[in-house]
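Q: Below is a structure I'd like to ask you about.
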C-alpha cells in the first residue's frame, strides 16, 4: 500500500483517475513498482508488482487482466496442493486479499459457489475479469458478489451504483462439507456465509470433547457445537441471538443424523444467558465464545474492550475447574493492538475476585491461534 500522505507529487497530465494503472517511484524517480491509483482513498496506490518482479516476469507488468488471471490460477494451485477441495472439505478461502497479493479481494468457495467479498474500487472495476477467471474453475457453477458497501464508499464508490451493478442469480442457500460434517449455509448470512477460518479450531474441539459437557456461545450455524457432538460430547448447548442462524444450526443437526437429545440451541443474548447460568450454578467442561466483530473500527476500541472483558469474565466463571475456555476475536483492532491478550491476562490476575475460591494459579493460556495458514 502507498498511503496518500506518502505521495510527494503526481507526474503526468491529465492526472490519473481512480482505477488507473500508475507507476510508483522514490524521491530520485527510481521505480518501485506499479499499482492501482485511487484519488479519494487513504490507500492512494495498491501496489500490484514491485519493480524487480515486473522486470523479471514481464508477462503481467502493467496489465491487470493478466495479473488477475495469473494470481487466481496460482491460488487455485496452492489450495489444490493443500488438498482443497476434497470429498471431506469443500469450503475454504480461495483468495485472501494481501495474502494472495490481490489487496481488497476475498473469495470463499462453498461447494460449487464462489462468494466474492469486494472491499476495493479496483475489484469492482475488474468485476467481469474476476468472474471470467472463476468461471474457468470446473467445480464452480455460481458466483455470489458481496460488496462491502461502507468500505467501498471510502474508496469513492456510490452506494446506489453498487446496488445497480450487483444482481445475483445465486441460490440463497447451499450445502457444504467440512472435515466430514455437512452444513446448510446461508449465502446471505454473516461475512461470506460461513466462517471458513475456524475450520482447524472446530476440528480441534472435536478431538477433545469426548464425554464432556460443552457450551457454544454465539454459535451461528452450529459449527463448534456439531464438532463437539461428533467428537463424543455428552451434551452440547448452543446460544445465539439470530433466529436464522439457529434455524440453520437445527437443520444441520438433522443433516448429520445427530441425536437431537444431545444438542440444543437457544435464542438468547450470550451475556444474559451466562448471567442466568451463574445464578443456576451451571458450569461446563468446555466453553466456546466466538462473538461477532465488536470493534469494527478503532473509534469503538474502548467500549469493545469492556464488552470483551465482560464476556470472558462470565465465560471463565462458567468453566469447570480443569475445563477449557476457547475464546475468539475477529476484531483486528483488538487483536493487533494486543488488547485482547491483555484482557485475558488481566482476568487471570484478578481470579480471586472472579471465583468463590482462588483459582488464579489454575488459569493457564494453552494455545494462541492467529490467522490460519493462507486463511484457507
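Residue numbers (the numbering used here): 198 to 573.
The C-beta atom is built at its ideal place from N, Cα and C for all residues, glycine as well.
Below 8 angstroms on the Cβ atoms is my contact criterion, and I expect residue 276 with residue 289 to pass it. Report the Cβ-Cβ distance as a whole number of Å.
A: Here the question's residue 276 lines up with position 79 in the chain shown. Here the question's residue 289 lines up with position 92 in the chain shown. Right, their Cβ atoms sit about 6 angstroms apart.
Q: Answer yes or no: the CB of residue 445 versus the heavy atoms of the ligand ADP, is any distance below 7 angstroms?
A: No copy of the ligand ADP occurs in the structure displayed, which carries no ligand at all.
Q: Using the Cα positions of residue 304 and residue 311, report the straight-line distance between them to the nearest angstrom.
A: Start at 1 with the first residue of the chain shown, and residue 304 comes out as number 107. Start at 1 with the first residue of the chain shown, and residue 311 comes out as number 114. The straight-line gap from Cα to Cα measures roughly 6 angstroms.
Q: Report the start-end ranges of each beta strand (DSSP E) in the segment 443-484 that is 3 residues or longer and not cut off at the edges.
A: 460-464
Q: If you draw a straight line from the alpha carbon of residue 553 to that of residue 198, how long is it in whole angstroms?
A: Taking the chain shown and counting its residues from 1, the one referred to as residue 553 is at position 356. Taking the chain shown and counting its residues from 1, the one referred to as residue 198 is at position 1. Any reading at residue 553 must be qualified, since the residue scores a pLDDT of 49, below 50, and its modelled position is unreliable; no value is offered.
Q: For residue 200 and residue 262, I'd like the C-alpha separation in whole angstroms.
A: Taking the first residue of the chain shown as position 1, residue 200 is located at position 3. Taking the first residue of the chain shown as position 1, residue 262 is located at position 65. If I take the Cα positions, the gap works out to 24 angstroms.
Q: Does DSSP put residue 263 in a helix, a strand or coil?
A: Translated into the one-based positions of the chain shown, residue 263 becomes position 66. Residue state, collapsed to three classes: helix.
Q: Would you say the segment 380-400 touches the segment 347-355, given that touching needs at least three Cβ pairs under 8 angstroms?
A: no
Q: Under 8 angstroms, do residue 183 and residue 413 count as touching if we go by C-beta distance?
A: In the structure as shown, the chain begins at 198 and stops at 573. Residue 183 is therefore absent and cannot be evaluated.
Q: Ignoring anything shorter than 4 residues or poking outside the segment 327-356, list the alpha helix (DSSP H) runs there in chain order.
A: 346-351
Q: Tell me whether the beta-carbon of residue 484 lies closer than 8 angstroms to the beta-carbon of residue 438.
A: Here residue 484 corresponds to residue number 287 of the chain shown, with the count starting at 1. Here residue 438 corresponds to residue number 241 of the chain shown, with the count starting at 1. Cβ distance not < 8 angstroms, so residue 484 and residue 438 don't count as in contact.
Q: Take residue 330 as the anchor and find which of 283, 359 and 291 has the nearest alpha-carbon.
A: As a position in the chain shown, residue 330 is number 133, starting the count at 1. Of the candidates 283, 359 and 291, the one whose C-alpha sits nearest the C-alpha of residue 330 is 291.
Q: Looking at the structure shown, is residue 513 part of a helix, part of a strand, or coil, going by DSSP?
A: Taking the first residue of the chain shown as 1, we reach residue 513 at position 316. Of the three classes helix, strand and coil, the one that applies to residue 513 here is helix, per DSSP.
Q: Classify residue 271 as buried or exposed, calling it buried when 16 or more other Cβ atoms lie within 10 Å of its own Cβ.
A: Within the chain shown, the letter at position 74 stands for residue 271. Classification of residue 271: exposed, given that the 10 Å Cβ count is below 16.
Q: So residue 343 and residue 375 are supposed to be a Cβ contact under 8 angstroms. How far apart are they, rounded?
A: Your numbering for residue 343 matches position 146 in the chain shown. Your numbering for residue 375 matches position 178 in the chain shown. Their Cβ separation, rounded to whole angstroms, is 20 angstroms, which puts residue 343 and residue 375 out of contact at 8 angstroms.
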